[in-house]
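Engineer:
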Amino acid sequence: MTYRKEIVPPGLERVLFTEAQVNRRIAEIAAEISAKYTERPLKLIGVLKGSVFFLTALARLITVPVKIDFLAISTFAPQPRASGGVVRISKDLDEGIENEDVLLVEDIVDTGLTTRYLLQMLAGRGPNTLGICTLLDRTSKRLVPVTIHYRCFEIPDRFVVGCGLDYKQLYRNLGYLAVLDPAAVTAD
Ligand code: IMP
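Counting the sequence shown from 1 gives a position; our numbering is that position plus 1.
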């Protein structure tokens, strides 16, 4: 099976934002960030694996010096693929963030529970500033308030894949964002 640009692959319902729209929006956000962080190097912190594609695209368009670091989390969800489970760090950052200007880069803020957990953990490590930048924001499912400083798109209450977001580890490498076909969702 190949992903052909002009055809929506099996399992997907429709394209939500095209690759051109995604790239344009990331460029706008990168310009905003570049205008803000002019004093000192900015540290982008990505959450494996979902935010990798967004973080690298963003970093390449930011025009001020950036450092990057990654952490990985495991979520013990009440049911498979559900948002809002208990979050644990399964891979910590390689370096400290004390006194640094930090932007947590997320693929999606959904319930907000993961982001809130990560923010509290990072804030405890003494950064100079701490902000949030997310590719997607699904406010309709929010359980805890989260202040988002940079957001590319707000999305409806549908499961979305592409640009790093997966369903069962697939579709991350799509350059566009698409709605998963509910008929493709399986119980396992
Ligand atoms: P939260 O704690 O509910 O905000 O969970 C956010 C995490 O759930 C994200 O980092 C994603 O890994 C996952 N997630 C939530 N919604 C989607 C979606 O529509 N597509 C893919 N992953 C999602």
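Beta carbons are placed, not taken as given, at the ideal position from N, Cα and C, and that holds for glycine.
Bear in mind that the values here come from a model prediction, so they are computed numbers and not experimental data.
#1: In terms of alpha-carbon separation, which member of V161, L123 and P10 lies closest to L45?
#2: Roughly how many angstroms separate the alpha carbons of L137 and P183, rounded to a whole number?
#3: How would you label E96, buried or exposed, when you count the other beta carbons within 10 angstroms and need 16 or more for buried?
#4: Return yes when the Cβ of F54 is within less than 8 Å of the Cβ of L178, no when it is not.
#5: Threshold first: 4 residues or longer. Then list the alpha helix (DSSP H) segments lying entirely within the region 154 to 187, N to C.
#6: Any contact of the region 134 to 152 with the region 93 to 111, i.e. 3+ C-beta pairs under 8 Å?
#7: What do you get for L131, buried or exposed, if any count of 16 or more other CB atoms within 10 angstroms of its CB means buried?
#8: Answer yes or no: the CB of T116 versus the heavy atoms of ligand 1, is any distance below 7 Å?
#9: Under a three-way DSSP split, which group does V9 fall into?
#10: I'd like the span of the beta strand (DSSP E) that includes I74, first residue to last.
#11: Buried or exposed for L144, please, with buried defined as at least 16 other CB atoms from any protein chain shown within 10 angstroms of its CB.
#12: Who are the near neighbours of Y168 in its chain, counting only those whose CB is closer than 6 Å to its CB and skipping five residues on each side?
#13: I need the straight-line Cα distance from R89 to I156, nearest angstrom please.
#14: Out of curiosity, what's the CA-to-CA distance linking R173 and G127?
#15: DSSP beta-bridge partners for F1?
Structural biologist: In short, the structure shows the following:
#1: Working through the sequence shown from its first residue, we reach residue 45 at position 44. The shortest Cα separation from L45 among V161, L123 and P10 belongs to L123.
#2: Sequence index remark: in the sequence shown, residue 137 carries index 136 (1-based). Sequence index remark: in the sequence shown, residue 183 carries index 182 (1-based). For L137 and P183, the distance between alpha carbons rounds to 20 Å.
#3: Mapped onto the sequence shown, residue 96 falls at position 95. Around the beta carbon of E96, a 10 Å sphere encloses fewer than 16 other beta carbons of the protein chains shown; the residue is thus reported as exposed.
#4: Translated into the one-based positions of the sequence shown, residue 178 becomes position 177. Translated into the one-based positions of the sequence shown, residue 54 becomes position 53. No.
#5: Within the region 154 to 187, no complete alpha helix (DSSP H) run reaches 4 residues.
#6: Between the region 134 to 152 and the region 93 to 111, the count of C-beta pairs closer than 8 Å reaches three or more; the two stretches touch.
#7: Your numbering for residue 131 matches position 130 in the sequence shown. L131 should be labelled buried.
#8: Mapped onto the sequence shown, residue 116 falls at position 115. Under cutoff, so the answer is yes.
#9: For this step, residue 9 is matched to residue 8 along the sequence shown. Looking at V9 - three-state DSSP - the assignment turns out to be coil, as it is neither helix nor strand.
#10: Start at 1 with the first residue of the sequence shown, and residue 74 comes out as number 73. For I74, the uninterrupted beta strand (DSSP E) run begins and ends at V67 to F77, by DSSP.
#11: Against the sequence shown, residue 144 aligns to sequence position 143. By the 10 Å Cβ count, L144 comes out exposed.
#12: Looking up residue 168 in the sequence shown gives position 167. Cβ neighbours of Y168 within its own chain (closer than 6 Å, five residues either side excluded): V162 and L181.
#13: Counting from 1 along the sequence shown, the entry for residue 89 is found at position 88. Counting from 1 along the sequence shown, the entry for residue 156 is found at position 155. Pairing R89 with I156, the inter-Cα distance amounts to about 26 Å.
#14: As a first step, residue 173 is located in the sequence shown; it is residue number 172 there, counting from the start. As a first step, residue 127 is located in the sequence shown; it is residue number 126 there, counting from the start. Distance between the alpha carbons of R173 and G127: 33 Å.
#15: The structure shown does not extend to residue 1, since the chain is modelled only from 2 to 189, so the question has no answer here.
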